[in-house]
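Scroll down for the structure; my scribbles are underneath it.
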Amino acid sequence: MSRPALLALGAGISALALPLALSDFWIFIAIEVLAFSLYAVSFNVLLGYGGMLSFGHAAFFGVGGYAAALLVKKAGLSAGLAFALLPIVAMAISAVVAAVVGFFSVRRSGIYFAMLTFAFQMLLYTVALKATGLTGGDDGMTGLKPPGMLAQPFVYYYFALAVVVAALYVLFRLVSSPFGYTLRALRSNARRVQYVGVDVRAHQLATFVITGAFAGLAGAVFALSSGNVFPGWLNWTASATPIVMAVLGGVHTFLGPALGAAVYVVLEVLISGRTEYWPLAMGVIILVLVLLMPNGLTGLLQRKTA
Amino acid sequence: MSAEPILRVESLAKRFGGLQALGGVDLSVERGEFRAIIGPNGAGKSTFFNTMTGLLRPDSGRVSFEGREITGEPPHILARKGVGRTFQITSVFHDLSALENVQVSLLAHARRAWSLWQRARTLYAERARELLELVGLGKNPGRLAGTLAHGDQKRLELAIALAGEPRLLLLDEPTAGMAAQERIESITLVHRVASELGLSCVFTEHDMAVVFAVATRITVMHQGRVLAEGTPAEVRARPEVQQVYLGETA
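Going down the list, the protein sequences come from chains A and B. So for the first sequence, the numbering used here puts the first residue at 1; every next one is plus one. So for the second sequence, the numbering used here puts the first residue at 1; every next one is plus one.
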């Protein structure tokens with residue numbers, strides 16, 4: 001058996017056995033890690049593969065979260081049906097929102113693209129904050145829970161694991177496909193790729209929509225675990241989270257951002273449990289990271305094993 | 001040979017503010033030609049190229065390829081129609097391997113850029129290797145394009161362009177930044193490959209040795225207009241050409 005295969009097998013067994021070893025609290029944290037792994041990887045398909053630095057990715061995570069909350073609380077469906085529809089609905093709504101945001105944003109590149117995504121995110125944040133009748137405004141939407149057995153943390157963990165692994169597999173196929181090759185070429189040299197016959201904007205827009213949809217799925221998975229959604233999920237500060245996770249894990253590998261998400265979430269729990277200065281600790285970590293490990297944790301691991 | 005020229009440009013004009021970069025350029029290129037466009041710096045050669053290939057919008061005028069109008073079409077549409085180009089400043093995909101560089105072009109040409117599920121690693125890899133061999137880069141297909149020597153990147157860019165199976169290839173200063181000996185080798189390679197594949201080529205060039213080595217016809221540009229056109233011998237004999245261009249370098 002090859003080394004990657006062994007690693008994958010090991011990771012698979014650990015992931016399956018994990019809830020047996022953890023308290024309910026840590027199972028919640030494990031679910032958060034899963035959701036944020038998907039979120040960070042979806043963000044990095046945009047950044048690391050597509051060269052598009054979005055300051056608004058949190059908008060889609062948030063939209064996915066609200067889509068889940070609305071479906072569960074306000075759609076008037078039976079709990080089971082609402083839950084069954086949840087992944088599709090969260091992805092579809094996030095994709096539609098991402099299509100609108102992306103349609104305008106991919107017309108510009110670099111910092112202007114970033115600013116457009118930022119602007120749309122603030123717009124959506126304001127909607128979440130002010131459309132009180134729909135979103136509960138500042139209070140958010142609370143009391144969300146999955147139906148029946150799924151309300152038990154360890155059962156929901158397996159649900160989240162299945163959804164996230166399936167989604168990561170789809171994204172992995174995407175970056176390994178001709179579409180993904182073209183996306184990397186586009187990041188590398190957008191002008192050249194036009195002259196081999198690629199419609200750059202269409203390709204960027206499709207990437208934006210797909211990654212937005214998966215961020216939405218991550219938001220939905222997380223919403224039903226945490227039990228609530230708040231406007232803050234869409235605030236611009238929330239968009240820093242996937243950026244930090246991706247850089248922390250390493251933007252040059254597919255799963256690097258997932259590792260970054262795991263480390264980020266666990267560190268946040270450990271540090272914020274002991275001190276209120278979690279942002280300070282995070283700042284120091286980012287400094288060390290960028291100065292000493294420009295390729296993130298996966299870059300460090302690769303150097304050690306090389 | 002069909003009577004229709006492969007490329008016809010009529011009164012192409014482009015102004016930047018107060019500067020008339022192109023003052024109505026006419027050009028007609030027959031199938032199988034290896035046409036050089038020469039002219040002093042600022043003659044408008046690059047603007048002409050960029051206006052023909054969709055990077056800039058012309059203010060007026062008309063460009064036709066194989067009898068169909070392509071004026072102002074965006075680059076990806078031109079590429080799909082069979083017009084390839086290379087750039088003055090070498091333009092490859094730096095952080096992709098040489099092989100992947102060519103694969104990307106082959107995938108786009110085969111309209112596979114939107115395949116979302118199939119694994120791309122081995123798709124068209126064989127054809128990509130052949131193209132790398134053709135331009136003399138068969139040895140290290142896995143090397144990152146950004147780490148190749150300048151001349152090799154130029155070859156790679158040629159392979160990328162050829163992967164799109166263009167019928168017309170536009171090369172903007174294909175020998176820019178090369179040493180004198182390398183220039184002749186490089187343009188000879190383009191010429192050989194173009195002849196083998198039956199491509200028509202239009203290229204801009206500064207080095208007269210390169211131009212006279214391969215061009216079948218020469219167009220001389222000066223101050224955004226065509227000053228003269230003809231076979232190398234005809235162009236060489238024109239006094240006004242010697243005055244504005246050849247005179248400067250001789």
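For each residue, glycine too, the CB sits at the ideal point set by N, CA and C. As the structure is a prediction and not an experimental result, all values here were calculated from the model.
Per DSSP, cross-strand counterpart(s) of Met141/A: Val229/A
Near-chain B residues of the region 155-183 of chain A (beta-carbon distance less than 8 Å), N- to C-terminal order: Arg173, Leu174, Ser176, Ser177, Pro178, Phe179, Gly180, Tyr181, Thr182
Contact with chain B by Tyr49/A, beta-carbon distance below 7 Å: no
Through-space distance from Tyr157/A to Ala40/A, alpha-carbon basis: 18 Å
Identity of the residue in Gly42/B, Phe65/B, Phe87/B, Ser91/B nearest Gly23/B by Cα: Gly42/B
Coil, strand or helix - Gly230/B by DSSP: strand
Start-to-end residues for the alpha helix (DSSP H) that takes in Arg265/B: What the structure shows of chain B is the stretch from 1 to 250, and residue 265/B is not part of that stretch, so it cannot be assessed.
At least three beta-carbon pairs within less than 8 Å, the region 203-223 of chain A to the region 19-35 of chain A: yes
Other residues of its chain near Val164/A: CB distance less than 8 Å, five sequence neighbours each side excluded: Leu34, Ala35, Ser37, Leu38, Ala218, Val221
Within chain B, partners of Asn189/A - CB distance below 8 Å: Ser91, Val92, Phe93, His94
Coarse secondary structure for Ala113/B, derived from DSSP in three states: coil
Nearest candidate by alpha-carbon position, reference Gly102/A, set Ala202/A, Ala90/A, Met141/A, Thr298/A: Ala202/A
Proximity test, Cβ basis, 7 Å: Pro75/B and chain A: yes
Rounded separation between Leu183/A and Gln243/B - CA only: 49 Å
Residue-level contact to chain A via CB, Gln118/B, 7 Å cutoff: yes
Identified DSSP bridge partners for Glu268/A: Glu268/A pairs with nothing; no bridge assigned.
Length of the line joining the Cα atoms of Asp152/B and Val269/A: 52 Å
3 or more residues per run - each beta strand (DSSP E) lying fully within the region 133-193 of chain B: 168-171
Minimum Cβ-Cβ distance from Gly164/B to chain A less than 7 Å: yes
Sequence-distant residues of the same chain with beta carbon closer than 6 Å to Gly54/B, five excluded per side: Glu73, Pro74, Pro75, Leu78
Pair within 7 Å by beta-carbon distance, Ala254/B and Leu107/B: Chain B is shown only over 1 to 250; residue 254/B falls outside these bounds and no answer can be derived.
Min CB distance Met293/A to chain B below 7 Å: no
Nearest residue (CA-CA) to Met122/A, options Glu276/A, Ile243/A, Gly232/A, His252/A: Gly232/A
According to DSSP, residues forming a beta bridge with Leu19/B: Phe16/B
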